[in-house]
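What follows is a set of notes on a single structure, which appears directly below.
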Amino acid sequence: MAAPAALRARLPALREEYFHRNRLVDEKRKKQYKAAVKIQSWFRGCRVRAYIRYLNKVIVVIQKWWRGYQGRRYFRKMVEVGEMF
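First residue of the sequence shown? That's 40 in our numbering, and the numbers climb one at a time after it.
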């Protein structure tokens, strides 16, 4: 009969310890979550910046092709008209 009485006496302390440990676990989980969000944000930012660099390179290539095409077309027109030579 002493065991149930001892448990009843320790119950408030056990309850307090339980909630304290859960609070610590929740704080650790929140800290890990924030760290994971920061890592994901950094990675996604790197990926987007790399994609933007790629798009800029592709845009330059398209502009080169278009300007070359326009220049050749203009040159042909000038040769046909006879203004160049």
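Idealized CB from N, CA, C, for every residue including glycine. Note that the coordinates shown come from a computational prediction; the quantities given were computed from them, not determined experimentally.
- Take residue 108, set aside five residues on each side of it, and no residue of its chain has a beta-carbon closer than 6 Å to its own.
- In its own chain, leaving out the 5 sequence neighbours on each side, no residue places its CB closer than 8 Å to the CB of residue 52.
- In the structure shown, residue 110 falls within a helical segment according to DSSP collapsed to helix, strand and coil.
- Here residue 84 carries a helix assignment [DSSP, helix/strand/coil].
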